[in-house]
Amino acid sequence: MKVKVLYFASIREKLGRDTEELDLPAGVATVAALRNHLRARGGNYENAFSEKALLRSAINQDMAQPAAAIKPGDEVAFFPPVTGG
Amino acid sequence: MKIAVQAGDFDAGLEIRNISKDSKIGAVASFVGLVRDVPMTLEHYPGMTERAIAKIVDEAKARWQVMDCTVIHRYGALTPNDQIVLVAVASGHRGDAFAACEFIMDYLKTQAPFWKKEQTAEGARWVEAKAVDDKAAERWK
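If you read the protein sequences in the order shown, they are chains A and B. Position one of the first sequence corresponds to residue 1 (this note's numbering), numbered consecutively onward. Position one of the second sequence corresponds to residue 1 (this note's numbering), numbered consecutively onward.
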């Protein structure tokens, strides 16, 4: 399924990009699975999505837990814990 | 209700006057966050930011009497003493105004997608989220 993935702050810098369109293989259907899928790309992705990296995610601009399901066409974002205010 | 995510500065006094016009309003509580010692750049997630703030304001309206409310958060390059954020809540009485204002600010800290990058003498560094901010938001649960 095709999804749009967005990266912010330190994740964006580590990857050197802020967005990409991905065609996910069958079985990658949750935020956690997508994170593992991205880590498996190696290189900068392995670093940005390492097991110990403290990450937050959103689906279609709502905060989403790791177990949240991803649907075709979704906008999925990964970012570090927020520090506004 | 007004929610604005903007690069430019704001006039807190003007914003407070703008939500104080209904004669049933007896209290306006406001908070202004400022840049401390270090210049910084604030990044955000356009679209989600406004949406996240709107959800926080809706939650405050469900809990307290909120007759009007303005939340302004800046992004981009900011220097020491610059204003970063304004939360102003108008209510019939001070109790609801104080509580809703503090609640919105505490939730904004942990839920709104903003990230600060400080330009220190040693170089630029992303500010790390603080456990104390999570605790501040937790206490409203």
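The beta carbon of each residue, even a glycine, is placed where N, CA and C say it ideally should be.
On the DSSP bridge assignment, give the partners of arginine 74 (chain B) in chain order. Numbered from its first residue, the second sequence carries residue 74 (chain B) at position 74. The beta-bridge partner set that DSSP reports for arginine 74 (chain B) consists of B:Gln6.
Return the chain-ordered ranges of every alpha helix (DSSP H) run that is complete within the region 12-46 of chain B and spans a minimum of 4 residues. 12-18
Taking 8 Å as the threshold (C-beta atoms), are glutamate 75 (chain A) and leucine 120 (chain A) in contact? Nothing in the structure corresponds to residue 120 (chain A), since chain A is present only between 1 and 85.
Can you confirm whether glycine 73 (chain A), when its beta carbon is compared against all beta carbons of chain B, has any partner nearer than 8 Å? Counting from one through the first sequence, the residue named residue 73 (chain A) turns up at place 73. So no, glycine 73 (chain A) is outside the interface.
Give, in chain order, every unbroken run of the beta strand (DSSP E) that is at least 3 residues long and sits entirely within the region 94-121 of chain B. 114-120
Near threonine 70 (chain B), which residues of its chain fall below 6 Å by C-beta distance, leaving aside the five closest residues on each side in sequence? Indexing the second sequence from 1 puts residue 70 (chain B) at position 70. Its chain contains Lys2, Glu15, Ile19, Ala88 as the residues whose beta carbon lies nearer than 6 Å to that of threonine 70 (chain B), once the 5 sequence neighbours on both sides are disregarded; these appear in chain order.
For the candidate residues A:Phe8, A:Gly16, A:Gly84, A:Ala33, whose alpha-carbon lies nearest to that of alanine 67 (chain A)? In the first sequence, the residue the question calls residue 67 (chain A) occupies position 67. The option with the nearest alpha carbon to alanine 67 (chain A) is A:Ala33.
Test: glycine 33 (chain B) CB closer than 8 Å to a CB of chain A: On the second sequence, position 33 is the one that residue 33 (chain B) refers to. With 8 Å as the cut-off, glycine 33 (chain B) counts as an interface residue toward chain A.
May I ask you to verify whether the region 97-115 of chain B touches the region 59-67 of chain B, counting CB pairs closer than 8 Å and requiring at least 3? yes
Please report the residue range of the beta strand (DSSP E) in which methionine 63 (chain A) lies. Residue mapping note: residue 63 (chain A) aligns to position 63 of the first sequence, counting from 1. Start and end: 62-64.
Serine 57 (chain A) classed as buried or exposed, judged by whether at least 16 other C-beta atoms fall within 10 angstroms: Counting from one through the first sequence, the residue named residue 57 (chain A) turns up at place 57. By the neighbour-count rule (16 or more Cβ atoms within 10 Å), serine 57 (chain A) is buried.
Starting from methionine 67 (chain B), find everything on chain A with Cβ-Cβ shorter than 9 Å and list it in chain order. As a working note, residue 67 (chain B) is residue 67 in the second sequence. Going along chain A, no residue has its Cβ under 9 Å from methionine 67 (chain B), so there is no contact; the nearest lies around 23 Å.
Proximal chain A residues relative to threonine 137 (chain B), where beta-carbon distance stays under 8 Å: Indexing the second sequence from 1 puts residue 137 (chain B) at position 137. At residue 137 (chain B) the sequence reads alanine, which differs from the threonine that was named. None at all; the shortest Cβ gap to chain A is about 11 Å.
C-alpha distance - aspartate 134 (chain B) paired with threonine 110 (chain B), whole-angstrom precision: If you number the second sequence from 1, residue 134 (chain B) lands on position 134. If you number the second sequence from 1, residue 110 (chain B) lands on position 110. Roughly 6 Å separates the two Cα atoms.
Of all the CB atoms in chain A, is at least one closer than 8 Å to the CB of valine 85 (chain B)? Along the second sequence, one-based indexing puts residue 85 (chain B) at 85. It does: the Cβ of valine 85 (chain B) has a partner Cβ on chain A nearer than 8 Å.
Compare the C-beta of phenylalanine 78 (chain A) against all C-beta atoms of chain B and say whether one is closer than 8 Å. One-based indexing of the first sequence puts residue 78 (chain A) at position 78. With 8 Å as the cut-off, phenylalanine 78 (chain A) does not count as an interface residue toward chain B.
Compare the C-beta of alanine 7 (chain B) against all C-beta atoms of chain A and say whether one is closer than 8 Å. Numbered from its first residue, the second sequence carries residue 7 (chain B) at position 7. Judged by the 8 Å Cβ criterion, alanine 7 (chain B) is not in contact with chain A.
Leaving out the 5 sequence neighbours to the left and right, which residues in its chain are closer than 8 Å to valine 38 (chain B) when beta-carbon positions are compared? Along the second sequence, read from residue 1 onward, the residue named residue 38 (chain B) stands at position 38. Cβ neighbours of valine 38 (chain B) beyond the five flanking positions: Pro80, Glu118, Gln119, Thr120.
Where glutamine 61 (chain A) meets chain B, residues with beta-carbon distance less than 7 Å: The count along the first sequence starts at 1 and reaches residue 61 (chain A) at position 61. Simply Gly47, Met48, Arg51.
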